[in-house]
Amino acid sequence: MLGKHEKLWKLYDLDPKIGLRSFRLNFIRRLEYDVGKYKRNTKNSDIYQALALTIRDTLINRWNEVQESYRLKKTKRIYYISMEFLVGTLLESNLVNIGMREIATGALIDFGYDLEMIAKEEHDAALGNGGLGRLAACFLESMATLDLPSQGCGIRYEYGIFHQQIQDGYQKEAPDNWLSHENPWEISRLDLSYPVHFYGHLKDKVSLDGSSKWIWVPGETVIAQAYDMLVPGFNTRTVTNLRLWKAKSGEEFNFDYFNHGDYLRAVEDKEKSENITKVLYPNDNILQGKELRLKQEYLLVSATLQDAMRTFLEEEGTCWERFPERVFFQLNDTHPTLAIPECMRLLIDRHGLQWEEAWSITTQCFGYTNHTIMPEALETWSIDLFGWILPRHLEIIYAINYNFLEGLRKRGVSEDVIKRLSIVEESTPKKIRMAHLAIVGSKKVNGVARIHTELIKKKLFPEFHSIFSHKFENKTNGITYRRWLLTANQRMSEVITRRIGNKWYSDLSKISKLEEFSADPSFQREWMITRKENKVRLATVIQSKCDVTVDPNSMFDVHVKRIHEYKRQHLNALRLIHDYYNIKENPSLDYTPRTVIFAGKAAPGYYLAKLIIKLIHSIADVINNDKQIGDRLKVVFLPDYRVSLAELIFPAADLSEQISTAGTEASGTGNMKFMLNGALTIGTMDGANIEIYEEVGDHNIFIFGKTIEELEELKRAGYFPTGIYESNPMVRTVLDEIMTGKFYGGKKDLFKDIFLSLTKGGDPYFLLADFESYLSIQEKVAIEFKDKFNWNRRAIINMARSGRFSADRTVQEYAKEIWEISPVRQKEPRIKAV
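In the numbering used here, the protein residues as written are 40 to 873.
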């Protein structure tokens, strides 16, 4: 006989084998008793909530099974710590991964609803700015798919990355209060909360054996409370979790103020404490001197380490020598580097270990992923600010640095090199170099593309590499292809599966079989019909969002990513000015029709990036309203770029713009998503473009521009962009046009700062050096797009050779070569569905 609890467990484990009837029953229960709706008074948003809760039942049950198996087997666990997780929407991807999309579709049809329409009710969980956060979200799905004991660790920002509004071509930021819409995916863990301290002072305590140690007397204590969002793997029972931390006040309010009638002051401290996790910073580089940012980083790592140590103590007791066998923390960029001194603090101050033992344990438990090769983007903190907020950690970092530098001296390293390697930068003011701390305290250090890792070793950290060569590895990024093809491009996935079967769902390398059909006329017909559907769908969105009618038969030339000078959206904009005047001066020109699509957000304080957005809009206004141009060239900027919008853009793209200055993009993952969906890449030899080039070959990609080596030589010779402007009539004509006011109602000085940055400002990202090469390769693109058969053949080859860029492959490499962890596969549930 089954007990009551076991019967509920069986009912809520909505395995596909249970079928449509049980799914409907649980859905009805959720709709009536959780959402509070019944039959005729429901809205689409109610249906979405009930459906999400129904799916969450399955995820919770499986997650509980998984956690119990980890506890019994005493498995090693990975904690992937990141300040950003750009998870987007979850309903459809979760249904795909647990194999229940057809069941959910059928159930909704029975109730008179359409899954695609219901899915639109979900709001993006925009807990990240771009590639860094999206990579973290991809890795979580792959960790679950590969049955790796793991969890993500982040912050439950109340306000995610801002909503981008466009007013007269200018970016305006609006708050993204994503939690104002109830989030059915999250689970509040009221039992998991930890104190996190700030400010205060240190005092010296003498122990019985005569030794002394610092005691931190905090000035403020905040409570970090856990919330979980569950992440299912594909075709497995493993479900992992993204644990997000929210700051709560240590005290509800100050009764002294309350009793004296000052009600606002009574809750002021509470609100101040809880503001720590209020908002995501709108860029992925450190904002110097920002107290709140430092507090966010520390709250994340302190709560995560306390949580990990609690689990360890429950399973292993105080056998701290086993800690590295059971726990590993992966730092996603420098932002979580405070985890290293926090680990030392907890081991020494709370658990009583000696320094040497604590340092030995700590340095076996961390890995550091670097995401930038630009020194100015590496995180540093002023000593004064750091010591004020985290006085104990400053002392620990000083001690780490002293021991590190003394070790270098014993090895005979020169004082000049020691100064460059020091964790503490002897500048005015003094600063802590977080990347240096991450390297010294980590077991492994990795880049995210082969060229990026080589630049880390040879240019960014050459002396660290010479000393710690065994630490440095490459792990080329990958993407969650199931979201970006199976979910975002479902019809194309069906076309592929009819030809090669569905084994590629679990192993993207199997998609290579598609290349056999690249020149098959019947397959190409299906391919073109499906792509046309995707382009029509995106054209409808463009009409709605931008009030611009575009031709789905034109080339969809797409440039979507964060707006930044090194990503060179303004190089594309200059090309558009060139093309516009070329058509105007040659009305009979055989110009291949294009729709050039931009999307992306600029950090609110990044003046030039926001001015580039304005330039794009101004160019678009002129081109789109010029009857002489007609449908031959259209330019659109889709506002509020986010994961759900990207899922519409990638399947419709013909050409993928990946045109960053060589040596600036760490990897890129948008390039991989476009490739996966059959777009051809136009790009520089930068980041993962190089590895895409190696996979597809010279004939299936459009490469232009100077290489890293050529740019270095150009800098050594003395790069003089003003000379290019003065001597090259084509460059001068295009640049002069943005100064004439033609592209903004005659206002001549509006884009002056862009003009100056490209001339007298030194053109730091070499737009003028690459401009002619870019125009030349675009002419080649235009010619070759006209040959539809060969273009589609090459696009299919791109898709077929995308297997290398699966996040599954990347995570497998992390697991084997850095984390030293094996899969823990889950058995079928003890109670079978009947």
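Glycine included, every Cβ here is placed at the ideal spot set by N, Cα and C.
If you're wondering where the values come from, they're calculated on a predicted model, not measured in any experiment.
Using the Cβ count rule (16 or more neighbours within 10 Å means buried), how would you classify residue i?
i, result
"I325", "In this predicted model, I325 has a pLDDT of only 47, less than 50, meaning its place in the structure is not dependable enough to derive any value."
"D243", "exposed"
"K855", "exposed"
"C358", "exposed"
"D73", "exposed"
"G644", "exposed"
"H509", "exposed"
"N664", "exposed"
"Y266", "buried"
"K458", "exposed"
"P214", "exposed"
"K889", "As shown, the chain starts at 40 and ends at 873. That puts residue 889 outside it, with no answer to give."
"K787", "exposed"
"P768", "exposed"
"N103", "exposed"
"T467", "exposed"
"H504", "buried"
"E45", "Note on E45: pLDDT 38, under 50, position unreliable in the model; the coordinate value appears next. Flag for E45 reads exposed."
"M531", "buried"
"L795", "exposed"
"P501", "exposed"
"A756", "exposed"
"H738", "exposed"
Go through its chain and collect everything with a Cβ distance to residue i's Cβ below 7 Å, but skip five positions before and after it.
i, result
"H603", "A648"
"P626", "Q667"
"F351", "F362, R365, V366"
"P862", "L185, D186, L187"
Within 7 Å: the Cβ of residue i and any heavy atom of the ligand SAM?
i, result
"K498", "Within the structure as shown, the ligand SAM is missing, as the structure has no ligands at all."
Name the DSSP beta bridge partners of residue i, please?
i, result
"V897", "A query on residue 897 cannot be resolved here, the shown segment of the chain reaching from 40 to 873 and no further."
"P234", "I262"
"I254", "K242"
"V270", "T279"
"F782", "The partner list for F782 (beta bridge, DSSP) is empty, contrary to what the question assumes."
"K82", "Note: K82 sits in no beta bridge, so no partner."
"K287", "I262"
"W359", "In the DSSP output, where bridge partners are listed per residue, W359 has none listed."
"N371", "T408"
"N528", "According to DSSP, N528 bridges with nothing at all."
"F124", "L166"
Cutting at 6 Å between CB atoms, please list the residues of its own chain near residue i, excluding the five before and the five after it.
i, result
"H432", "P380"
"R771", "Y764"
"N573", "P690, A691"
"F443", "V479"
"R140", "L134"
Grab me the residues of residue i's own chain with a C-beta within less than 8 Å of its C-beta, minus the 5 sequence neighbours each way, in chain order.
i, result
"W284", "C192, G193, I194, R195, A263, Q264, A265, Y266, T316, L338, L339, A342, T343"
"C404", "F362, P363, V366, F367, F368, C382, K482"
"I86", "L70, L147, F150, Y152, I157, E160"
"K287", "S232, V261, I262, A263, Q264, S312, E313"
"W427", "Y238"
"L610", "I698, L806, D809, F810, Y813"
TODO: Could you tell me whether the stretch 820-831 touches the stretch 803-810, using the rule of 3 or more Cβ pairs below 8 Å?
DONE: no
Open item on the list: Is it the case that the stretch 782-798 contacts the stretch 576-589, given that we only count it when at least three CB pairs across the two stretches are under 8 Å?
Closed with: no
Open item on the list: In chain order, what are the residue ranges of uninterrupted beta strand (DSSP E) at least 3 long that sit wholly in the stretch 538-611?
Closed with: 594-599
Open item on the list: I'd like the ranges of any alpha helix (DSSP H) spanning at least 4 consecutive residues and lying wholly in the stretch 671-729.
Closed with: 682-688, 709-715
Open item on the list: Does the structure place the stretch 543-552 close enough to the stretch 836-854 that three or more beta carbon pairs sit under 8 Å?
Closed with: yes
TODO: Output the residue ranges of the beta strand (DSSP E) runs that lie fully inside the stretch 138-202 and measure 3 residues or longer, sorted by chain position.
DONE: 164-166, 189-194
Task: Whole runs of the alpha helix (DSSP H) within the stretch 621-669, excluding any shorter than 4 residues - done: 646-663
Open item on the list: Can you confirm whether the stretch 371-385 touches the stretch 460-477 when touching is taken to mean that 3 or more C-beta pairs between the two stretches lie within less than 8 Å?
Closed with: yes
TODO: With a floor of 4 residues, list each alpha helix (DSSP H) that falls wholly inside the stretch 423-497, ordered by position along the chain.
DONE: 430-449, 454-460, 473-480, 489-494
Open item on the list: With a threshold of 8 Å, are at least 3 pairs of Cβ atoms found where one atom belongs to the stretch 677-690 and the other to the stretch 154-174?
Closed with: yes
Open item on the list: I'd like the ranges of any alpha helix (DSSP H) spanning at least 4 consecutive residues and lying wholly in the stretch 760-815.
Closed with: 760-766, 768-779, 791-797
TODO: Say whether the stretch 486-505 touches the stretch 696-709, bearing in mind that this needs 3 or more beta-carbon pairs closer than 8 Å, one atom from each stretch.
DONE: yes
Open item on the list: Tell me whether the stretch 100-118 and the stretch 170-178 touch, counting them as touching only if at least three CB pairs, one residue from each stretch, are closer than 8 Å.
Closed with: no
Task: Whole alpha helix (DSSP H) elements within the stretch 830-856, 4-residue minimum - done: 846-853
Task: the stretch 265-280 in contact with the stretch 211-228 per 3-pair CB rule at 8 Å - done: yes
Task: Inter-stretch contact (C-beta, 8 Å, three-pair minimum) for the stretch 488-502 and the stretch 407-414 - done: yes
- [ ] Say whether the stretch 520-531 touches the stretch 711-726, bearing in mind that this needs 3 or more beta-carbon pairs closer than 8 Å, one atom from each stretch.
- [x] yes
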